[in-house]
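Protein chains in written order, with the numbering used here: chain A, 86 to 233; chain B, 9 to 306.
The C-beta atom is built at its ideal place from N, Cα and C for all residues, glycine as well.
Below is one structure, written out as C-alpha cells, with a few remarks after it.
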C-alpha cells in the first residue's frame with residue numbers, strides 16, 4: 086500500500102510542477118518523511134530500498150535504504166528483510182567503486198545463489214531491475230515466466 | 009455604476025471585473041517604485057525608499073548586509089533564521105525568503121509582512137520535506153495562491169502588495185517574477201512595479217539588452233543584432249538606477265533614497281545576496297551620471 090501512496094504523490098508533484106521530476110535524493114527524503122510521520126500514528130510496516138538515476142549525480146545512480154521507523158541512509162549497496170543477514174556480508178566483500186552494470190548484476194546473482202543455498206525458505210524466482218539513463222529495465226532470474 | 013459591486017471582493021461587477029482587486033492594484037501605483045532586472049550571471053533589484061527621515065533608526069549594516077548561504081538550503085537551521093532576522097532589520101523594501109530567493113515589495117508593508125512570512129514558511133517546509141531548495145516558481149505560485157484566496161473567499165480585502173521575486177534554482181537558473189494582488193504572476197527579464205512603472209517599463213523596453221553602438225547607430229538590418237543580449241550584473245545595476253532616476257522623476261538619486269540589491273553565485277555555486285552599502289550605491293549612481301552625461305540624448 087505504501088508504495089502506491091509514495092509513487093502517486095511523486096507523480097502528483099510532476100503534474101503540479103510542469104513535468105519537473107524530483108531528484109532521487111528528494112524522493113527518498115519525502116518517503117522517509119512520510120514513514121516518520123506515520124510512525125507515531127499508525128506506522129507503515131514497510132522497509133524501503135529506493136534507487137534512481139539522476140543526470141546531475143556524478144556516477145548517475147544513487148541508492149537509499151529506509152525502514153519503517155523513518156531512518157534513511159544513502160548507501161552503495163543495501164538489503165532489507167531476511168536477505169540482509171546473508172547478502173550484506175557478500176556485498177561488503179564484493180562491492181567496489183566503479184562497478185559496471187555487468188559486474189553489479191554478478192554480485193546480485195551471487196547473493197541470490199547464496200540465499201538459495203543457505204536460506205531456510207525455498208525461493209526459486211527473483212526479479213532483477215536495472216535503472217539507468219534510459220529508464221527502468223527488468224532482468225530475469227528464476228524459473229517462473231509469470232514473474233517477468 | 010461600479011459603486012454597487014465594488015465593496016465585496018467576492019462579487020463580480022456586471023462587466024466581469026473584481027473592483028476590489030483593481031483598487032488594490034491602484035494602491036500599489038502610489039507606492040515606492042521597485043525595478044528588477046535579469047542578468048546573465050545574476051539578478052538585480054533596485055527600490056525607492058519612501059521614508060528617508062533623518063530620525064529613522066540607523067540600519068544595522070556592515071557584515072549583516074552581505075549574506076552568503078548554501079544553495080542546498082540544508083545546513084544548520086540557526087544560521088538560517090538568524091540571517092533572516094538580521095535581514096529584515098536592515099531593509100525597508102528587500103526581504104530574503106530563503107538561501108536562494110529574495111523579494112522586493114511595492115505597496116502596504118504590513119500586508120507584505122504576512123505574505124513574506126508565508127513565503128518563508130513554504131520555502132522552509134519544502135526544504136524540510138525534500139531536503140532540497142524549493143524551485144522558485146513553486147515558491148512564487150504558493151504565495152500567489154494564498155493571495156488569490158482573498159479574492160474569492162472570506163469577504164476579506166485583498167493584499168495591497170506587489171512583489172518582485174528574484175531567485176536561483178538548478179533547473180532554470182536565475183529567474184525574476186512579478187506578482188500582484190490578484191494572485192497573478194509572470195516571469196520577466198526586466199520589469200517595474202510601483203509608482204510610475206509605465207515610464208520605467210518603456211525605458212527598459214528600449215534599453216534592456218540593447219547592444220551598445222559606439223557611433224554608428226542606424227546601420228544594421230542584420231536580424232542577429234536585433235537579438236536581446238543579456239547584461240551582466242554590473243550593467244544591470246546601472247540600468248536599474250537609470251530606471252529609478254526616471255521614475256523618481258526629478259528627485260536626485262542618492263544612496264539614502266535607493267536600495268540596490270544583487271543576487272549572484274560565488275565560485276562554489278552558492279547564492280550570494282547582497283544589499284549594497286552607501287558607498288557602493290553612491291559609486292553606481294555616479295557611474296550612471298557619468299554615462300548619461302557623455303551619451304547626450306536618451
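Within-8 Å CB hit, residue 168/A to chain B: It does not: the Cβ of residue 168/A has no partner Cβ on chain B nearer than 8 Å.
Reference residue 182/B; option with closest CA among 20/B, 32/B, 121/B, 51/B: 51/B
Any C-beta of chain B under 8 Å from that of residue 105/A: yes
Proximal residues to residue 201/A (C-beta, below 6 Å), its chain only, five neighbours per side dropped: none
Partner residues on chain A for residue 143/B, Cβ-Cβ distance less than 8 Å: 102, 105
CA nearest to the CA of residue 172/A, picked from 186/A, 156/A, 187/A, 199/A: Of the listed residues, the one whose Cα sits closest to residue 172/A is 199/A.
Listed by chain order, chain A residues near residue 153/B by CB distance under 8 Å: The contacting residues do not exist; residue 153/B stays about 11 Å from chain A at best.
Chain A contact for residue 18/B (CB, 8 Å cutoff): Chain A contact via Cβ: absent.
Chain A contact for residue 193/B (CB, 8 Å cutoff): Judged by the 8 Å Cβ criterion, residue 193/B is not in contact with chain A.
Residue 112/A classed as buried or exposed, judged by whether at least 16 other C-beta atoms fall within 10 angstroms: Around the CB of residue 112/A, 16 or more other CB atoms lie within 10 Å, so the residue is classed as buried.
Contact list for the region 115-127 of chain A against chain B, Cβ threshold 7 Å: 115, 118
Whole-angstrom distance between residue 108/B and residue 145/B, CA atom to CA atom: C-alpha separation (whole angstroms): 12 Å.
Per-residue DSSP class, three states only, for residue 60/B: coil
Span of the alpha helix (DSSP H), counted from its first residue to its last, around residue 138/B: 117-138
Cβ-based neighbour list, residue 134/A, same chain, cut-off 8 Å, excluding 5 preceding and 5 following: 148, 149, 150, 151, 163, 164, 165
Minimum C-alpha distance to residue 156/B - residue among 11/B, 12/B, 289/B, 28/B: Just measuring C-alpha positions, the residue of 11/B, 12/B, 289/B, 28/B sitting nearest residue 156/B is 28/B.
Contact list for the region 122-150 of chain B against chain E, Cβ threshold 7 Å: The chain inventory of the structure shown lacks chain E, comprising the protein chains A and B.
Any chain B beta carbon closer than 8 Å to residue 93/A: no
Contacts around residue 126/B, its chain only, beta-carbon distance under 7 Å, and the 5 residues preceding and following it disregarded: Close CB contacts of residue 126/B within its chain, under the 7 Å cut and outside five residues either way in sequence, are with 151, 154 (chain order).
Interface partners of residue 140/A on chain B, CB under 8 Å: Residues of chain B with a Cβ closer than 8 Å to the Cβ of residue 140/A do not exist; the shortest Cβ-Cβ separation is about 11 Å.
Cβ of residue 69/B within 8 Å of any chain A Cβ: Here the model assigns residue 69/B a pLDDT of 48, short of 50, so the residue's position is not dependable and the matter cannot be decided.
8 Å Cβ cutoff, residue 41/B in contact with chain A: no
Other residues of its chain near residue 123/A: CB distance less than 7 Å, five sequence neighbours each side excluded: 129
Short CB-CB distance (under 8 Å) between residue 156/A and chain B: Under the 8 Å criterion on CB atoms, residue 156/A is classed as non-interfacial with respect to chain B.
DSSP three-state assignment for residue 222/A, whether helix, strand or coil: strand
Cutoff 7 Å; reference residue 207/B; Cβ partners in own chain excluding five residues on either side: 254, 255
Same chain only: Cβ atoms within 7 Å of residue 213/B, ignoring 5 sequence neighbours per side: If we look at residue 213/B and ignore the five residues flanking it on each side, it has no Cβ neighbours.
Test item: CB-CB of residue 43/B and residue 200/B under 8 Å: yes
Below-8 Å beta-carbon distance, residue 110/A vs any chain B residue: It does; some Cβ of chain B falls within 8 Å.
C-beta atoms of residue 155/A and residue 137/B nearer than 8 Å: no
Distance CB(residue 39/B)-CB(residue 202/B) smaller than 8 Å: yes
Own chain, CB closer than 8 Å to residue 57/B, minus 5 neighbours either side, in chain order: 40, 100, 101, 264, 265, 266, 267
Span of the beta strand (DSSP E) around residue 268/B: 266-273
Under 9 Å by beta carbon: chain A residues contacting residue 179/B: For residue 179/B, the neighbours in chain A by C-beta distance under 9 Å run, in chain order, 105.
Of the listed residues 274/B, 249/B, 276/B, nearest to residue 295/B (C-alpha basis): 249/B
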